[in-house]
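Chains as they are written, first to last, in the working numbering: chain B, 358 to 802; chain Z, 912 to 1375. In this text, a Cβ means the ideal position worked out from N, Cα and C, and glycines have one as well. None of the values given here were measured: they were computed from a predicted structure.
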Amino acid sequence: MTNQKLIGLCRQALDQTNKHGADAAEAYGESARTITVTIEKNDLQISRSHKETMIGIRAFKGKRIGFASTNDPQTLDETCADAVVLANASPADERNLLPEVEDIEYVDGIYDPHSETFTTKDAIEQAVKILDIARSIDSRLIVGNGEFSVHIGTRALANSNGILRSEQESLFFYFALATARDGERVSNMDYQFDATRNLSTIDVEPIVRRACENALGSLGAEPGDSFNGPIILSPNAVQGILAGLILFQTDAKNILRGMSRWKESVDTAVASPLITVVDDGRAKDGIATSSFDREGVGHARLELIKDGRLMSFMHNTYTAAAMKTKNTAHAAGPARSLPRIGPTNFEIVPGSTTKDALISEMKKGVLVTRFSGRADPISGDFSGVAKGAYLIENGRVTRPVKGTLVAGNAFEALKKLSGVSREQERVFNFTLPYLRLEGISVTAG
Amino acid sequence: MLHILQAIAHRSDAWVELRYHARRTKRIAVSSGRLEESSSVRLVGVGVRVLIAGVLGFSSTTDLSKQGIEQAVREAEDAARASAVAKRDKIKGLAAVAPVTGKFSVETSDPLDNHSLEEKLALVMRVDSQVRGTSKKIVSSTVAYAEIQDEKIIVTSDGAAAHVFDAKPEFRVLAVAQEGSDQTMGMDSAGVSGGFADLFAKRSPEEMADKAVALAVNQLGAEYAHGERATVVLDPGLVGVLSHEAIGHTVEADIVLSGAITNGKIGTRVASELVTMCDSGPSTHLPHAAGELLVDDEGVKTGNTVIIEHGVLRSYLHNRESAAHFGVEATGNARAFEYSDVPIIRMRNTYIEIGGSSKEEMIAGVKHGYYLEGLGGGGQADSNAEFMFGVREAHLIEDGKLGKLVRGVTISGNAFDVMKSVDAVGSDFSWDLGAGNCGKSQLAKVDAGGPHLRCVVTIGGRQE
Chain B
358 MTNQKLIGLC RQALDQTNKH GADAAEAYGE SARTITVTIE KNDLQISRSH
408 KETMIGIRAF KGKRIGFAST NDPQTLDETC ADAVVLANAS PADERNLLPE
458 VEDIEYVDGI YDPHSETFTT KDAIEQAVKI LDIARSIDSR LIVGNGEFSV
508 HIGTRALANS NGILRSEQES LFFYFALATA RDGERVSNMD YQFDATRNLS
558 TIDVEPIVRR ACENALGSLG AEPGDSFNGP IILSPNAVQG ILAGLILFQT
608 DAKNILRGMS RWKESVDTAV ASPLITVVDD GRAKDGIATS SFDREGVGHA
658 RLELIKDGRL MSFMHNTYTA AAMKTKNTAH AAGPARSLPR IGPTNFEIVP
708 GSTTKDALIS EMKKGVLVTR FSGRADPISG DFSGVAKGAY LIENGRVTRP
758 VKGTLVAGNA FEALKKLSGV SREQERVFNF TLPYLRLEGI SVTAG
Chain Z
912 MLHILQAIAH RSDAWVELRY HARRTKRIAV SSGRLEESSS VRLVGVGVRV
962 LIAGVLGFSS TTDLSKQGIE QAVREAEDAA RASAVAKRDK IKGLAAVAPV
1012 TGKFSVETSD PLDNHSLEEK LALVMRVDSQ VRGTSKKIVS STVAYAEIQD
1062 EKIIVTSDGA AAHVFDAKPE FRVLAVAQEG SDQTMGMDSA GVSGGFADLF
1112 AKRSPEEMAD KAVALAVNQL GAEYAHGERA TVVLDPGLVG VLSHEAIGHT
1162 VEADIVLSGA ITNGKIGTRV ASELVTMCDS GPSTHLPHAA GELLVDDEGV
1212 KTGNTVIIEH GVLRSYLHNR ESAAHFGVEA TGNARAFEYS DVPIIRMRNT
1262 YIEIGGSSKE EMIAGVKHGY YLEGLGGGGQ ADSNAEFMFG VREAHLIEDG
1312 KLGKLVRGVT ISGNAFDVMK SVDAVGSDFS WDLGAGNCGK SQLAKVDAGG
1362 PHLRCVVTIG GRQE
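Here is the structure:
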């Protein structure tokens, strides 16, 4: 669906919602075409195509609000009526507001017109390439799961305050999940992913190589040792253990819910001075880059933590009104659901030390490439299995270990952290370095 | 719609599956006294799958006209043909099934639509207020009600024409307690297939609120567990989690073929002979299991699949493709969450069969160990059946008696080793995993449960 057509649908939804008795409204539309080719057990699984237009409507009755969405334009009028019915039944909340019009600067580079020519056949070719590369590396490898997909879409938003925006985007997305099997020995399962906006920069090779090499490297893992000491987390493990905590604690909705421990912590140290965290909805090459958020507010770069000190929370219109502060344009989510708060392109800024140098300083420790377990964002307690883990002895990675449990508290770990790598890797919309944590409980499996 | 789908399916040369799916969902969420969400979603479309030259292709459309659906069939056919060149392992065929026709509807005496939006909203607001009013230590509360109502018409070119109606409501309570800088969380939830009264048949909303508050408050200041291998008594919730998450996924035939630990183990001993494990489409033992599925999304009538019988692995979970591959009957495990999802092998209601011991006897027989209840804070398992789960509530057992509460407990191990260590199975039964969804590239409403069970696991705690 073109920009103009989707804007038209959003405007129509506004009119109809008003007609059903709303005082104000917001209509957000997403229209997308996707092609997905999936890989299972070293072979193509299925190719599929999908087209859908979804409209989500927020109806306001004074300060009462209701939300309804539909993927069927035939039921748009009933859906607008649903939103008003829901608003009528809801209690009023003075923070229920729509953002006002502000000029925004549209970002470049998120839509490649050439992507429109990309066909199912092209997607199949890329999926076959993933399989061919894995086969060429080692016959013991199994790409248990993988995918190549393209998403070409349009988003549009109209609200009663006069905001009217739309933009197009394209995204090629691919991942590989590799395991190595040697007789009865089965390796750790390694997952690698990448994405690009441009047809000309699709390159599946690096992720397939990384997944395969990591899987092979973890073959023959034996139980490790138990100790309390340092561990190094890969970007993937950082996401599981620490990024989730930072997101939860800086989500202004969680401040209002009384669930964030960082409520009174702005301008105080919440992490080691080595840690700086930014969220940038306009980042170049970011897979979550777009010009405006789920409420139509222009994205901007936000420092969440600077040199260990908490700088800001992530806000949408509601939380900014509640906390009498500036909206940071972090309204997020699809058209089918109410705007919530979420990150865009989340980054832990790289340090100056290489990953190898961080390892070389360690007498004994564990390198964790993937964390499988629980990380409670409220208490900060984490505990789980270190997958694809390696023992570090006297400054060197010595052998793969299996079944090793790691446990600690993420609040403490952030403060006692002793190293941030120069290298970063992308884990979906998170760009993260390797981090060295201290005082972690490590239990042999 | 049924006739349009039948006309299109029977005109095609290829095998075709057409699935019309209209879904209405509603959700109400209140947090600390403020309404966070009151929403409804309408989702409708047709998912089309075709099999051409041993290759599947899929397409979905929201254009419900005959032309729109025919166009989707053509796109699915194009996708299949384009893949055929590169796919190595062609599908030899689909397991034959008796064509399922007619109407299938989840049973309830109290349909969701008999209860107004206002009533549901008032209930959520009231329970949220109760959570905060019960203890001064509660600093945050969240209560949510959600419902899914589905109508599906599943038509295949080999004779299925099933019209299915389903309803799955759920209710969740979350309480956060604080003392000094110590914050803890307690939760309770319920989810069923059925109506409004069925959702609260086991525990009232008020009882769920009390449970969440007690869990949060009691954990404040509790000691952390120490890491060790220990004998534990698991409640039906954790038995369900272990059955579904740690074992169930490893017997899904697609995962088996991807190299799961269960590959080639049919007929071998994988668990204690006290253990019989099943996955059932209908609700077994107790009604309204949340994963209830009367006809699967390939139009196969479901039954009860015995996965492990007295410790011996008997069956994987199949769709028609994998059943043909293994030369067995389809088990009715093909499911698609939304119209735009491809049906894949999923569990339904997974459980351990009832045994002969009482919970009290099982606890009395433990010198040192733990009594563990419910999944808390997530966890994971892999195709080797290695698992790690957070535990919602853990009590020490010393000399056969329940002792103090400990926090931060996780359990881990290999699920089959754990099942081999089972030395007592309870005589009770409960479904306990009905709220929330199982994720496997798409969501599914499932349930799991069983009786209490005694076994040996690794307790994750802290290494001083």
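- Counted as a single uninterrupted DSSP element, the alpha helix (DSSP H) harbouring residue 1272/Z occupies residues 1270-1275.
- Around the beta-carbon of residue 976/Z, fewer than 16 other beta-carbon atoms lie within 10 Å, marking it exposed.
- About 12 Å separates the beta carbon of residue 1359/Z from that of residue 1348/Z, a gap too long to meet the 8 Å contact definition.
- Assignment of residue 703/B by DSSP, reduced to helix, strand and coil, places it in the strand class.
- Under the three-state reduction of DSSP, residue 768/B is assigned to helix.
- Under the three-state reduction of DSSP output, residue 791/B falls in the strand class.
- Counting the other Cβ atoms within 10 Å of the Cβ of residue 1009/Z gives fewer than 16, which makes it exposed.
- With a threshold of 8 Å between beta carbons, residue 1173/Z makes no contact with chain B.
- In this model, residue 1104/Z and residue 1187/Z are separated by some 24 Å (Cα to Cα).
- Following the DSSP letters along the chain, one finds residue 1177/Z in no alpha helix (DSSP H), marked with neither H nor E.
- Using a 10 angstroms sphere on the CB of residue 1003/Z, the tally of other CB atoms stays under 16, which defines it as exposed.
- The C-beta of residue 1098/Z comes no closer than 8 Å to any C-beta of chain B.
- Annotation note: the segment 619-689 of chain B contains the following uninterrupted alpha helix (DSSP H) runs of length 4 or greater, listed N- to C-terminal: 674-679.
- Straight-line measurement puts the Cα of residue 1038/Z at about 10 Å from the Cα of residue 944/Z.
- As a beta-bridge residue in DSSP terms, residue 757/B pairs with 747/B.
- Listed along chain Z, the residues sitting closer than 7 Å to residue 501/B by beta-carbon distance are 1169, 1170.
- Residue environment analysis places residue 921/Z among the exposed positions, since fewer than 16 neighbouring C-beta atoms fall within 10 angstroms of its C-beta.
- Collapsing the DSSP output to three states places residue 477/B in a helix.
- For residue 625/B, the closest of 564/B, 757/B, 718/B, 662/B by C-alpha to C-alpha distance is 662/B.
- Separation of the CB atoms of residue 698/B and residue 582/B is rounded to 41 Å, and the pair is thereby denied contact status at 8 Å.
- Between residue 984/Z and residue 1066/Z, the C-beta gap is not smaller than 8 Å, which leaves the two residues out of contact.
- When DSSP states are grouped into helix, strand and coil, residue 1063/Z belongs to the strand group.
- Neighbours of residue 1291/Z in chain B, taken as residues at a C-beta separation under 7 Å, are given in chain order as 729, 730.
- One Cα belongs to residue 1302/Z, the other to residue 1261/Z, and the distance between them is close to 19 Å.
- Ranking 1370/Z, 1331/Z, 1085/Z by CA distance to the CA of residue 1307/Z puts 1370/Z first.
- By the C-beta density criterion, residue 463/B is exposed, having fewer than 16 other C-beta atoms within 10 angstroms.
- A distance below 6 Å between beta-carbons, with the five flanking residues on each side excluded, links residue 408/B to the following residues of its chain, in chain order: 390.
- With a beta-carbon spacing of about 53 Å, residue 715/B and residue 517/B fall beyond the 8 Å limit used to define contacts.
- In the three-state scheme derived from DSSP, where H, G and I count as helix and E and B as strand, residue 1031/Z is classed as helix.
- Within chain Z, 994, 997, 998 have C-beta atoms less than 7 Å from the C-beta of residue 401/B, given in sequence order.
- Inter-residue distance for residue 767/B and residue 973/Z is about 45 Å (C-alpha atoms, whole angstroms).
- For residue 644/B and residue 506/B, the gap between their C-alpha atoms comes out near 14 Å.
- Considering only 700/B, 450/B, 737/B, 724/B, the residue with the shortest C-alpha distance to residue 713/B is 724/B.
- Taking 8 Å as the threshold, the shortest C-beta distance from residue 984/Z to chain B does not fall below it.
- Take the alpha-carbon of residue 749/B and the one of residue 1098/Z: they are about 39 Å apart.
- No Cβ-Cβ contact shorter than 8 Å links residue 378/B with residue 949/Z.
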